[in-house]
Amino acid sequence: MDLGHSRVKWALAKDGVLVPDTVKASPAECLEALGNDLQDNPVRKVWLSGQGHAESVAAIINLIEQLGLSLHQLETGSIELPVKPAYPALGCDRWLALQWAWLQTRAACCIVDCGTAVTVDAIDDRGRHLGGWIMTGLASLRSSLGQSARHLPPASPEPGPLNRPARDTSTAIGAGTLVQLVGGIEYAIDSLKSGSDARFESDPAVWLTGGDAAAVQPHLSPPIQYDPHLVLRGLGLASRSP
């Protein structure tokens with residue numbers, strides 16, 4: 002179970018492997034579907050990564066306890082997983098997203114998670130987490146601009162080609178915020194593989210996940226490996242622990 006800043010995702014795992022067709026999601030404040038799913042499935046234990054507001058975490062814990070289920074609330078570095086966090090305060094969701102990508106690649110890679118915040122994390126050829134970057138997510142970029150400049154129209158959700166100047170304000174905001182985000186992601190990745198402080202001996206594999214991944218992917222330099230469930234896959238791996 003992955004509780005983010007705006008929604009909660011959950012799925013079943015068997016022998017440490019995510020069962021993809023069981024993945025579901027709902028807004029973090031609406032737990033009815035989650036409760037029904039927990040009652041309908043023979044769950045032995047719930048593994049929770051909770052990055053959301055304290056009230057949302059408490060509500061999910063209360064639901065699990067009411068159903069009489071065993072709960073393991075995971076914290077960064079609290080169990081042995083293939084990739085160790087670069088620093089203790091790393092978000093648990095970021096740490097979990099590293100695991101599956103590394104196991105599939107076994108080589109230098111970057112993991113880009115496009116959610117409420119966008120994170121770019123780097124793993125070197127030895128499987129060491131080097132750290133990463135945190136950027137404002139696409140929806141947050143657009144909403145914060147609207148709050149600061151209230152006379153502006155909402156951003157167009159489909160701004161069209163990013164390499165052409167927009168001919169109206171709504172499209173310009175939609176395209177400009179996407180350009181800003183894509184540019185930041187590409188700069189972070191490029192800085193790891195070029196220049197005097199390059200950290201990779203070869204181009205890293207780039208993995209993309211998160212709710213806004215579909216909007217970002219067409220504008221990133223290929224190849225990109227898209228997997229919408231990297232955090233849940235990491236939780237599945239964690240569930241093999243006693």
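Using this note's numbering, read the sequence shown as starting at 2 and increasing by one per residue. Note that the Cβ used here is the ideal one computed from N, Cα and C, for glycine as well.
Any chain D beta carbon closer than 9 angstroms to residue i
i: Thr-178; result: Structure shown: chain D not included; a single protein chain is present.
Backbone CA spacing between residue i and residue j [nearest angstrom]
i: Lys-46; j: Leu-131; result: 32 angstroms
i: Pro-166; j: Asp-22; result: 41 angstroms
i: Pro-86; j: Gly-235; result: 13 angstroms
i: Ser-141; j: Gly-212; result: 13 angstroms
i: Ile-80; j: Pro-154; result: 47 angstroms
i: Tyr-188; j: Met-136; result: 12 angstroms
i: Leu-39; j: Lys-15; result: 15 angstroms
i: Arg-241; j: Leu-35; result: 22 angstroms
i: Asp-169; j: His-220; result: 21 angstroms
i: Val-9; j: Ser-50; result: 10 angstroms
i: Leu-182; j: Gly-147; result: 17 angstroms
i: Val-232; j: Val-121; result: 14 angstroms
i: Pro-160; j: Ser-171; result: 8 angstroms
i: Gly-173; j: Ser-145; result: At residue 173 the sequence reads Ala, which differs from the Gly that was named. Roughly 16 angstroms between the two C-alpha positions.
DSSP-derived helix/strand/coil call for residue i
i: Cys-111; result: strand
i: Pro-21; result: helix
i: Ile-190; result: helix
i: Ala-206; result: strand
i: Leu-13; result: coil
i: Ala-216; result: helix
i: Ala-239; result: helix
i: Arg-8; result: strand
i: Asp-3; result: strand
Residue j beta carbon less than 9 angstroms from that of residue i
i: Ala-150; j: Gly-175; result: no
i: Val-113; j: Ile-190; result: yes
i: Val-119; j: Gly-69; result: no
i: Cys-111; j: Ala-206; result: yes
i: Val-24; j: Trp-11; result: yes
i: Ala-98; j: Asp-126; result: no
i: Leu-104; j: Pro-83; result: yes
i: Asn-42; j: Leu-13; result: yes
i: Gly-133; j: Arg-107; result: no
i: Gln-100; j: Ala-239; result: yes
i: Trp-208; j: Ala-123; result: no
i: Ser-7; j: Thr-117; result: yes
i: Leu-179; j: Leu-193; result: no
i: Leu-72; j: Ile-65; result: yes
Contact belief for residue i with residue j at Cβ below 8 angstroms, rounded distance in angstroms
i: Glu-30; j: Ser-57; result: 7 angstroms
i: Leu-139; j: Ala-215; result: Going by Cβ atoms, the distance from Leu-139 to Ala-215 rounds to 11 angstroms, so no, they are not a contact pair.
i: Leu-4; j: Gln-52; result: 6 angstroms
i: Gly-237; j: Val-18; result: 6 angstroms
i: Thr-210; j: Pro-229; result: 6 angstroms
Cβ-heavy atom distance, residue i to the ligand SAH, below 8 angstroms
i: Ala-109; result: In the structure on display, the ligand SAH does not appear, and there are no ligands present to speak of.
Segments of 4+ residues assigned as alpha helix (DSSP H) that fall wholly inside the segment 15-73
DSSP assignment within the segment 15-73 yields the following whole alpha helix (DSSP H) runs of 4 residues or more, N-terminal first: 33-41 and 55-67.
Ignoring anything shorter than 3 residues, give me the beta strand (DSSP E) runs that lie fully in the segment 112-148, in order along the chain.
Complete beta strand (DSSP E) runs here, min 3: 118-124 and 130-137.
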